[in-house]
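Engineer:
Protein chains: 2
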Amino acid sequence: MSEQGEKVQQLRVVVADDQAAVREPLAAVLGLAEDIEVVAAAADGTEVLAAVSGAAVDVVLMDLRMPVMDGIEATRRLSEEHPEVAVVVLTTFADDESILAALGAGARGYLTKNAGRQDIVRALRAAAAGQSVLDREVQDRLLATVRTKPQASGTSLPQDITPREREVLGLIGQGLPNRAIAEQLFISEATVKTHINNLFAKAGIRDRADAVRRAIAAGLA
Amino acid sequence: MSEQGEKVQQLRVVVADDQAAVREPLAAVLGLAEDIEVVAAAADGTEVLAAVSGAAVDVVLMDLRMPVMDGIEATRRLSEEHPEVAVVVLTTFADDESILAALGAGARGYLTKNAGRQDIVRALRAAAAGQSVLDREVQDRLLATVRTKPQASGTSLPQDITPREREVLGLIGQGLPNRAIAEQLFISEATVKTHINNLFAKAGIRDRADAVRRAIAAGLA
DNA sequence: CCGCACCTGGACCCATGGGTGGAACCCAAG
DNA sequence: CTTGGGTTCCACCCATGGGTCCAGGTGCGG
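Taken in sequence, the protein lines are chains A and B.
Residue numbers for the first sequence follow the working numbering, beginning at -6 and rising by one.
Residue numbers for the second sequence follow the working numbering, beginning at -6 and rising by one.
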């Protein structure tokens, strides 16, 4: 696929971040690498598109949170209009939503701002070569998302909880307050509280928020 | 995180493949890279484990189809017993099952045998640095698997929530009470409540239980 | 320079939640 | 038949949560 290149070809890079305090030093430090040339710096998605249209670009290092046009939208446009340009996302946020949106939009890399200079440079090179580089935590989240489905049966809960208690837990997991749970089960709110107290004691649940998490983990919600 | 190392530290690599006709040339050509030292070659999973126990190893380049103990099982054992050793899979097969099994077992990279020498070297370096490198096709498959099962992504968070609010939401999602959140963020409980109120208003969250569910759905917990 | 968004903090009020103790009923198993 | 678990309910207490209103500080962009 790629040749053994001791003669390193220049990587033409665009750095995109709305914060100049991040963008400028980043561009400067990346330029220090002998095989990297920062051909443009952009403060929002529209500037990225303009830069790519105006000059030959291999890779865009893209922040997600930018005004006017954010990194997701810019990535989507790029992968449609300039599929030969690779996008590597560099952002502080590593939540599932952002990761999936970015990769779904066509990003070939996803780094958090914990990444060091070497990590970034490596990701840029890999992306230009058609590979995809992810931070460890990002990879873990992506993988976790894949394997969240197959857990319909009880995961962790103790088995000495009664059917009624399990039922109540499920409703808690759906975010219902005690009154609504009572109405749904045709019992009084006092009874709901009793079930909840027994349930918490048996399963070692601390409070309602904890209960919601356990309910979701157990597939009851 | 990683320093700018012009003095490249040696990467101690183990090459694992059952076919000598693949293993030997691969080990030889990788050894040509000045920052890579092939410390062992293994023909199956047991040999890999033996090699890792016997010498300091940074990365294992692992084939999946091997006799006695295959690459998946070897990867799983490695990530349990020697989590500091990274595993990069190099195989001819790029089916969903193999990819998910390998990454689920703890592999930090997945390359097909289309990959060139430069691609492999780059992946080894990245894996040793804690990053994860995937071939483009592998990445695409993984992503396709993910987005066949996105359930209620229509209920995603509004984009106008601030970083701080997002942070607070994440802690709520972990089941922490306001006081604990305040301590963790070095702010007062009053401030936490303010963030929560703004957050609830913006995202249409009703109460804490609802917040936990949204946080989990958004991957913040 | 002024406005705006964000983060910070305080005061107050009231609804809800969580904990305790007790009590009645049913039903199945010992 | 008697015991015990499950379910149903009540009364009481108080910590926490959720809502409202307000206000100072900061940093950025028009």
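The beta-carbon is built from N, C-alpha and C at its ideal position, and this holds for glycine as well.
Quick caveat, the model's predicted, so the values are computed rather than measured.
Are any of the Cβ atoms in chain B nearer than 8 Å to that of GLU90 of chain A?
Structural biologist: yes
Engineer: Are the C-beta of GLN132 of chain A and some C-beta of chain B separated by less than 8 Å?
Structural biologist: Output row for GLN132 of chain A: interface = yes.
Engineer: Let's see if you can read the secondary structure: which residues bound the beta strand (DSSP E) around THR105 of chain B?
Structural biologist: 102 to 105
Engineer: Can you give me the C-alpha to C-alpha distance between ALA175 of chain A and SER181 of chain A, rounded to a whole angstrom?
Structural biologist: A direct Cα-to-Cα measurement between ALA175 of chain A and SER181 of chain A gives close to 5 Å.
Engineer: Straight-line CA distance for LEU83 of chain A to VAL78 of chain B?
Structural biologist: Distance between the alpha carbons of LEU83 of chain A and VAL78 of chain B: 26 Å.
Engineer: Excluding the five sequence neighbours on either side, which residues of its own chain have a C-beta within less than 8 Å of the C-beta of ASP11 of chain A, listed in chain order?
Structural biologist: ALA36, ASP37, ASP56, ARG58, MET59, PRO60
Engineer: Kindly give me the distance between the Cβ atoms of ARG129 of chain A and ALA87 of chain A, rounded to whole angstroms, as I take these residues to be in contact under 8 Å.
Structural biologist: With 8 Å as the limit, ARG129 of chain A and ALA87 of chain A do not qualify as a contact, their Cβ atoms being about 10 Å apart.
Engineer: For a contact meaning CB atoms closer than 8 Å, what does GLU125 of chain B contact in chain A?
Structural biologist: The sequence given here has Ser at residue 125 of chain B, not Glu. Going along chain A in sequence order, the residues near SER125 of chain B (Cβ under 8 Å) are VAL126, LEU127, ASP128, ARG129, VAL131, GLN132.
Engineer: Using a Cβ-Cβ cutoff of less than 6 Å, which residues in the same chain neighbour THR39 of chain A once the five nearest sequence positions on both sides are dropped?
Structural biologist: VAL61, MET62
Engineer: Any C-beta of chain B sitting closer than 8 Å to the C-beta of GLN111 of chain A?
Structural biologist: yes
Engineer: Please report the residue range of the beta strand (DSSP E) in which ALA183 of chain B lies.
Structural biologist: Run containing ALA183 of chain B: none in the beta strand (DSSP E); it sits in the alpha helix (DSSP H), 182 to 196.
Engineer: Kindly indicate which residue of A:LEU150, A:ARG118, A:ASP200, A:PHE179 has the alpha-carbon position closest to the one of LEU213 of chain A.
Structural biologist: A:LEU150
Engineer: With a threshold of 8 Å between beta-carbons, can ARG201 of chain B be considered close to chain A, or not?
Structural biologist: yes
Engineer: Quick one: list the residues of chain B neighbouring ALA194 of chain A, beta-carbon separation under 7 Å, in chain order.
Structural biologist: Result: empty, since nearest Cβ-Cβ is about 17 Å, beyond 7 Å.
Engineer: Compute the Euclidean distance between the alpha carbons of LEU178 of chain B and ASP200 of chain A, then round it to the nearest angstrom.
Structural biologist: 21 Å
Engineer: Determine whether the beta carbon atoms of ASP51 of chain A and LEU19 of chain A lie at a separation below 8 Å.
Structural biologist: No, the Cβ-Cβ distance between ASP51 of chain A and LEU19 of chain A is not below 8 Å.
Engineer: Confirm, please, whether the CB-CB distance from ALA48 of chain B to VAL32 of chain B is below 8 Å.
Structural biologist: Taking 8 Å as the Cβ cut-off, VAL32 of chain B and ALA48 of chain B qualify as a contacting pair.
Engineer: In its own chain, which residues sit with a C-beta less than 7 Å from the C-beta of LYS186 of chain B, not counting the 5 before and 5 after it?
Structural biologist: Here the set comprises ASN171.
Engineer: Which residues of chain A have a Cβ atom closer than 8 Å to the Cβ of ALA87 of chain B, listed in chain order?
Structural biologist: Per Cβ cutoff of 8 Å: no residues; ALA87 of chain B is ~13 Å from chain A at best.
Engineer: Go ahead and pull the three-state DSSP assignment for GLU30 of chain B.
Structural biologist: strand
Engineer: Closer than 6 Å by C-beta to LEU23 of chain A: which residues in its own chain qualify, once you throw out the five before and the five after it? Chain order, please.
Structural biologist: Sequence-distant partners of LEU23 of chain A (beyond 5 residues in either direction) whose C-beta falls short of 6 Å from its own C-beta, in its chain, are ILE29, VAL31.
Engineer: Kindly list the residues whose CB is nearer than 8 Å to the CB of LYS142 of chain A, restricted to its own chain and excluding five residues on each side of it in sequence; keep chain order.
Structural biologist: Unreliable positioning characterises LYS142 of chain A in this predicted model, as indicated by a pLDDT of 46, which lies under 50. A coordinate reading is not provided.
Engineer: Given that GLY38 of chain A touches chain B, what residues does it touch there, using C-beta distances under 7 Å?
Structural biologist: Result: empty, since nearest Cβ-Cβ is about 14 Å, beyond 7 Å.
Engineer: Count the CB pairs spanning the region 196 to 211 of chain B and the region 107 to 124 of chain A that are closer than 8 Å, and state whether there are at least three.
Structural biologist: no
Engineer: Find the residues of chain A that neighbour ALA33 of chain B, judging by a C-beta separation of less than 9 Å, and give them in chain order.
Structural biologist: Per Cβ cutoff of 9 Å: no residues; ALA33 of chain B is ~24 Å from chain A at best.
Engineer: In whole angstroms, what separates the C-alpha of ALA208 of chain B from that of ASN190 of chain B?
Structural biologist: Those two C-alpha atoms are separated by around 15 Å.
Engineer: Would you say ARG206 of chain A lies against chain B (beta-carbon separation less than 8 Å)?
Structural biologist: yes
Engineer: List, from N- to C-terminal side, the alpha helix (DSSP H) runs of 4 residues or more that fit wholly inside the region 28 to 99 of chain A.
Structural biologist: 38 to 47, 64 to 74, 89 to 98
Engineer: Given ILE92 of chain A, which residues of its chain have a CB within under 7 Å of its CB, disregarding the five upstream and five downstream residues?
Structural biologist: TYR103, VAL131, ARG134, LEU135
Engineer: Helix, strand or coil for ALA9 of chain B, going by three-state DSSP, please let me know.
Structural biologist: strand
Engineer: Using a 10 Å radius around the Cβ and a threshold of 16 neighbouring Cβ atoms, would you call THR155 of chain A buried or exposed?
Structural biologist: Under a 10 Å Cβ-count criterion, THR155 of chain A is classified as exposed, with fewer than 16 other Cβ atoms of the shown protein chains found around its own Cβ.
Engineer: Find out if the Cβ-Cβ distance for the pair VAL205 of chain B, GLY163 of chain B is shorter than 8 Å.
Structural biologist: no
Engineer: Could you name the residues of chain A that LEU213 of chain B contacts, counting a contact when the two beta carbons are closer than 7 Å?
Structural biologist: ASP88
Engineer: Is DSSP giving LEU127 of chain B helix, strand or coil here?
Structural biologist: strand
Engineer: What residues match up with LEU4 of chain B in a beta bridge as DSSP calls it?
Structural biologist: B:ILE29
Engineer: Can you name the start and end residues of the alpha helix (DSSP H) that ALA211 of chain A belongs to?
Structural biologist: It is not in any alpha helix (DSSP H) - ALA211 of chain A carries neither H nor E in the DSSP assignment.
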